[in-house]
Structures are given as structure tokens and as C-alpha cells.
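Input: a single structure, listed below in C-alpha cells.
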């Protein structure tokens with residue numbers, strides 16, 4: 023059920039990103055809601071769920087808005103799996119670690135999509151333009167990640183079942 027909720031939130035994020043955030047006063051500052059939500063899903067649900075949901079939502083974005091099929095599916099899947107794997111390897115999953123992984127994933131997503139579009143000669147951006155957009159998105163996605171982190175813990179995390187009661191000493 024929580025995976026379905028995660029998919030619905032990713033779908034809503036994609037819809038908001040493609041409609042409301044494209045209005046001219048808001049469009050000068052772009053937030054990538056799907057990358058933020060994928061990092062939060064990876065932190066709470068694990069790398070496999072984030073990989074599958076990233077591929078699905080990326081494929082939907084490619085079919086509806088993409089220049090070619092597979093770019094966003096690969097990028098979102100890679101980002102979801104990378105974030106989930108990094109956060110699973112760390113013993114203490116803290117607020118700060120999730121924030122830093124979110125910043126890194128935003129940077130990687132921008133450069134991965136730029137590199138693939140540059141490889142197929144579809145991109146018209148220069149590396150300096152991508153760097154400035156990437157830094158802006160890192161700041162905005164970081165703030166959004168800080169706002170959404172407590173809600174993601176409440177909505178997506180499942181309580182671990184313990185086999186034995188712990189004794190109070």
C-alpha cells in the first residue's frame with residue numbers, strides 16, 4: 023500500500039512539474055520534484071522500490087514530454103537505485119545524510135541527462151549553463167527535501183517487527 027502511495031505522489035509530482043511549475047513567473051526557478059521524492063522513497067522504502075518506481079515514472083515522463091524514450095527512465099531508475107544503495111550502506115540514516123545524498127542525486131541527474139542528450143546530439147546547452155542550472159536545482163531541491171523529510175518518514179516507513187521483547191535494565 024505504501025508503494026502505491028509513493029507512486030501516486032510521484033505521479034502528482036510529475037503532473038505539478040509539467041503544469042503548474044511551467045507558468046512563467048515560477049518557471050524561472052525549477053524544482054525537480056521527482057528527484058526529491060525518489061530520494062525520500064529510496065531512504066524509506068529501499069533501493070529496489072526506488073529503482074522500479076523511478077523507471078516507471080521516468081518512462082511515463084519520456085512518453086509524454088521527452089525528446090526520446092528511455093532518457094528519464096534510465097536517469098530516474100539510476101538515481102533511485104543509487105540513493106537507496108548509498109543510504110542502505112550507512113548505519114545512521116540521519117537528516118543530514120539524506121540531505122547530502124539528495125544534493126548529490128540532483129547534481130548527478132542533471133549531468134546524466136545532459137551527457138546523454140549531448141551524446142545523441144540533441145542538447146543545445148553548454149556545460150556552463152548546465153552547471154548553473156544544476157547548482158540552482160541543488161539548492162531548491164535541498165530546501166524541498168528538508169521540508170518533505172518528516173512527512174516521508176511518517177508516510178513511507180514501515181515499523182520493524184521485533185521477535186522478542188526488549189528488557190528494560
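In the numbering used here, the protein residues as written are 23 to 191. The C-beta atom is built at its ideal place from N, Cα and C for all residues, glycine as well. Since the model is a prediction, treat every value here as computed from it, not as a measurement.
- Around residue 103, the same chain offers 69, 73 as residues with beta carbons nearer than 6 Å, after the five sequence neighbours per side are excluded.
- Around residue 31, the same chain offers 59 as residues with beta carbons nearer than 7 Å, after the five sequence neighbours per side are excluded.
- If you keep only unbroken alpha helix (DSSP H) runs of at least 4 residues inside the stretch 31-94, you get 46-49, 55-67, 69-87.
- Membership of residue 175 in the alpha helix (DSSP H) is indicated by the continuous run 149-178.
- Of all C-beta pairs linking the stretch 130-144 to the stretch 94-102, three or more are shorter than 8 Å, placing the two stretches in contact.
- Secondary structure of residue 144 (DSSP, three-state): coil.
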